[in-house]
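Q: One structure, pasted below without further comment.
There are 2 protein chains.
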Amino acid sequence: MTKPRSRRGGGRPTIADVARKAGVGAITVSRALRAPERVSEDLRRQIQAAVDELGYLPDPNARALASARAEVFGVLVPSLTNSVFAEVLRGIYDSLSDSSFRIQLGNTHYSGLEEERLLQVFGPQRPAALIVAGIDQTPVSRRLLETAGCPVVQVMETGPDPVDMMVGFSHFDGGRAATEHMIEMGYRRIGFIGARMDPRSQRRLAGYRAAMEAAGLFDARLITTTPVPSSVTLGRELFRDALAKVPTLDGVFCNNDDIALGVLFECHRASIAVPKTIGITGFNDLDMMEVAFPSVTSIRTPRYEIGRRSVAMALAAIAGKRPQEPVVDLGFELKRRESTAR
Amino acid sequence: MTKPRSRRGGGRPTIADVARKAGVGAITVSRALRAPERVSEDLRRQIQAAVDELGYLPDPNARALASARAEVFGVLVPSLTNSVFAEVLRGIYDSLSDSSFRIQLGNTHYSGLEEERLLQVFGPQRPAALIVAGIDQTPVSRRLLETAGCPVVQVMETGPDPVDMMVGFSHFDGGRAATEHMIEMGYRRIGFIGARMDPRSQRRLAGYRAAMEAAGLFDARLITTTPVPSSVTLGRELFRDALAKVPTLDGVFCNNDDIALGVLFECHRASIAVPKTIGITGFNDLDMMEVAFPSVTSIRTPRYEIGRRSVAMALAAIAGKRPQEPVVDLGFELKRRESTAR
DNA sequence: TTGTAAGCGTTATCAT
DNA sequence: ATGATAACGCTTACAA
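Protein chains in written order, with UniProt numbering: chain A, 1 to 342; chain B, 1 to 342.
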């Protein structure tokens, strides 16, 4: 006659089963698992044996309920397929895979409202930390983050007023560095081509503008943008528009590498010489920019590292060790390549 | 004098607060939220008012513990940055964003052992469904899936022996169709270039081989593969190797579009005419293949749709409506483009 | 249709 | 260092 199993449990061993088998109290098992140093050597071994024998695995839901903390990192990104965010996500994932923290994913689709909604939904779960892309949260989102009761890391950009912590770099400086490089290489009628135009793209554009104005080269007609999501196809189209608008164009700084690639392909197709007739600079430095023909100058951004660092900071904060400097600027690097080697 | 707050709760309103305010029992609130039709019109309104006023949001952890079911979809992919899986993930995410299901992410890094570990970790959470990439689980993983007690969808491929449900297409047929197309276009010394060589790549290779043998064109020296992860850079290198090995090569079927792009760029660099001297076919049909110059022939695969469909099937199964046919083949499409238009 | 009682599996509290 | 007890916030089972 079997012991009547509880109505709901699937029959998995619970902490009570382990405790019984090891001849100790449930709480001791709990401690042995979470803070082994607080349990005597002896009991620890007995408990471990019981755990192994029963194949016991703690129930994260019960744990979260009892401790009012889920071992979950909430991660909010604006896109899953944009490889920039995919790499940030990979950095976050890799840094978390040794721990018992899970990742709960949120895709804001570049929408502030959707971000608010997701933050609202993540809240009741009491995540251990929140990592969000960008620094331009709505006032509502900002308050939700401030009252989340857990470490918060804003990633991709740095700025003056962190909710809690920040890891990123200056998109303005990146845009300016790219543009200054092209000016230095002798380009004069340098266009800006940008899609999506989210806040980070806007700041790259501002950097472009600053550099152009400083050189006395700025001309509003050189700017071609669209709110439409970025793609290689769109890069081609925007380049055509830009060229139609300003036939004397001799270079383009592209919002990102997808656009740059579209420009490059269109140049091939239209037999426009790169870098001679048109110079091209991209942004992010995807793997393929180095292999492209001609290879494409770009701004290397530390996406993966941003992901890793954000987790490191959050983990430290969870452990009570807040960093000296809550805002970390990981910088960027200009990769000079053939596409601007006039 | 404030009512002594419980020691742990963060002070958020609970279902009991709502029940008190609405003058009903807690369970009625619970029902009103999950199955409104089972509560009278009147109470439903009162409860809704109380919920709104208090800003009540159910605690998913408590809910999961009480019901022995978390509203979580466990999703296992081999890579976060490979855009193929990023798109599957996006499809899954988009299909779930109307619901209250969360996504818990697992990255297997193409490792069967890591997949086992993740399945083990996901188990105790009692996910509502499991979506896993591939059909080649280890015996251990397979048993974990079979005993997970929730709907399971294997995605990306179809095969004869589903754990539960499957959505995908035949990589063998895809590889064969691509190769047959090249043969039809007049190519004879068609190489196969592949990186990573996971099970899906292997089956594409098998399809290539079948087509080549059927045409009496097969030659083992035409095959160039490596277990190294795929990249555009690698595509260039493998193409060089292939060409060194077989100077008479007149075409290549690439394992995926990254490789194909690397080949294309190398052809540009080495002034090899495409499609005249070398024909190129890729696999997956990324956005940029159509824009590339020359545009690249590829096999269009329904990644996003696979994600959506997998969720639809899982959701139906959760609702007790299992599909007639547990294995769904979404097919693929050959996109004939300039790179093979000899 | 609504409510009462009893957990769900774990950890916090307080005591020993 | 260890344990008894009472939550944690919700849902299941059953009763009315």
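Glycine is no exception: its CB is placed at the ideal position from the N, C-alpha and C atoms.
What is the DSSP secondary structure of valine 327/A, reduced to helix, strand or coil?
A: Correct three-state label for valine 327/A: strand.
Q: To which residues of the same chain is methionine 197/B closer than 6 angstroms at the C-beta, ignoring the five residues directly before and after it?
A: Thr225, Pro227
Q: Less than 7 angstroms between the beta carbons of alanine 62/B and lysine 21/B, yes or no?
A: no
Q: Please report how far the alpha carbon of alanine 244/B lies from the alpha carbon of glycine 191/B, in whole angstroms.
A: 12 angstroms
Q: Please report the Cβ distance between isoleucine 92/A and isoleucine 135/A, rounded to the nearest whole angstrom; I am assuming they are in contact, meaning their Cβ atoms lie under 8 angstroms.
A: No, isoleucine 92/A and isoleucine 135/A are not in contact; Cβ-Cβ is about 17 angstroms, not under 8 angstroms.
Q: Counting only runs of 3+ residues fully inside the segment 114-202 of chain B, write out the beta strand (DSSP E) ranges in chain order.
A: Unbroken beta strand (DSSP E) stretches of 3 residues or longer found wholly inside the segment 114-202 of chain B: 129-133, 152-157, 165-169, 190-194, given in chain order.
Q: Rounding to the nearest angstrom, what Cα-Cα distance links alanine 206/A and arginine 176/A in this structure?
A: Spanning the two alpha carbons is a distance of roughly 8 angstroms.
Q: Can you find a C-beta in chain A that's less than 7 angstroms from the C-beta of asparagine 255/B?
A: Chain A, which has no Cβ nearer than 7 angstroms to the Cβ of asparagine 255/B, makes this no.
Q: Using the Cα positions of alanine 316/A and leucine 89/A, report the straight-line distance between them to the nearest angstrom.
A: 19 angstroms
Q: Which one of Ser310/A, Arg322/A, Gly279/A, Ala70/A has the shortest CA to CA distance from threonine 179/A?
A: Gly279/A
Q: For the candidate residues Pro160/B, Asp164/B, Leu144/B, whose alpha-carbon lies nearest to that of valine 153/B?
A: Asp164/B
Q: Quick one: is proline 139/A near chain B, going by C-beta distance under 7 angstroms?
A: no
Q: According to DSSP, what are the bridge partners of asparagine 284/A?
A: According to DSSP, asparagine 284/A bridges with Arg300/A.
Q: Check the Cβ of serine 30/A against every Cβ in chain B and list those closer than 8 angstroms, keeping chain order.
A: Those within 8 angstroms of serine 30/A in chain B number zero; the least Cβ separation is about 15 angstroms.
Q: When the Cβ atoms of the segment 254-267 of chain A are set against those of the segment 328-335 of chain A, are three or more pairs found closer than 8 angstroms?
A: no
Q: Compute the Euclidean distance between the alpha carbons of proline 78/A and aspartate 287/A, then round it to the nearest angstrom.
A: 21 angstroms
Q: Taking 7 angstroms as the threshold (beta carbon to beta carbon), is histidine 268/B in contact with chain A?
A: yes
Q: DSSP state of leucine 96/B, grouped into three classes?
A: helix
Q: Using a C-beta cutoff of 7 angstroms, does threonine 233/A count as contacting chain B?
A: yes
Q: For isoleucine 103/A, is the classification buried or exposed, using 16 other Cβ atoms within 10 angstroms of its Cβ as the cut-off for buried?
A: buried
Q: Valine 309/B: buried (16+ other C-beta within 10 angstroms of its C-beta) or exposed?
A: Just to set this straight, residue 309/B is arginine in the shown sequence, not valine. The residue in question, arginine 309/B, is buried, as its Cβ has 16 or more Cβ neighbours within 10 Å.
Q: Under a three-way DSSP split, which group does glycine 11/B fall into?
A: coil
Q: How about isoleucine 259/A and isoleucine 193/A: are their beta carbons less than 7 angstroms apart?
A: yes
Q: Looking only at its own chain, which residues have a Cβ that is under 7 angstroms from the Cβ of arginine 5/B, when we skip the five neighbours before and after it?
A: At arginine 5/B the pLDDT is 37, less than 50, meaning the model places this residue with poor confidence and gives no usable figure here.
Q: With a 10 Å radius around its C-beta and 16 neighbouring C-beta atoms as the bar for buried, classify serine 111/A as buried or exposed.
A: Under this definition serine 111/A is an exposed residue.
Q: Select from Leu113/A, Asn256/A, Lys276/A the residue whose C-alpha is nearest the C-alpha of serine 298/A.
A: Asn256/A
Q: If the cut-off is 7 angstroms on Cβ atoms, which residues from the segment 76-110 of chain A count as contacting chain B, listed in chain order?
A: Leu80, Thr81, Ser83, Ala86, Glu87, Leu89, Arg90, Tyr93, Arg102, Ile103, Gln104, Leu105, Asn107
Q: As a quick exercise: from Thr281/A, Tyr304/A, Ile306/A, pick the residue whose alpha carbon is nearest that of phenylalanine 296/A.
A: Looking at the sequence shown, residue 296/A is not phenylalanine but valine. Nearest C-alpha to valine 296/A: Thr281/A.
Q: If we count the other Cβ atoms within 10 Å of its Cβ and call it buried at 16 or more, is threonine 81/B buried or exposed?
A: buried
Q: For valine 311/A versus serine 100/A, is the C-beta spacing smaller than 7 angstroms?
A: no
Q: If we ignore side chains and look at the alpha-carbon of each, how far apart do serine 230/B and valine 84/B end up?
A: 12 angstroms
Q: Using only CA atoms, which one of Arg236/B, Ala242/B, Asp285/B lies nearest to valine 232/A?
A: Asp285/B
Q: Using DSSP bridges, identify the partner residues of cysteine 254/B.
A: Ile193/B
Q: Quick one: what does DSSP say threonine 81/A is sitting in, helix, strand or coil?
A: coil
Q: Among all the DSSP beta bridges, which residues are the ones paired with phenylalanine 73/B?
A: Ile103/B, Ala129/B
Q: Does methionine 288/A come within less than 7 angstroms of chain B when only Cβ atoms are used?
A: yes
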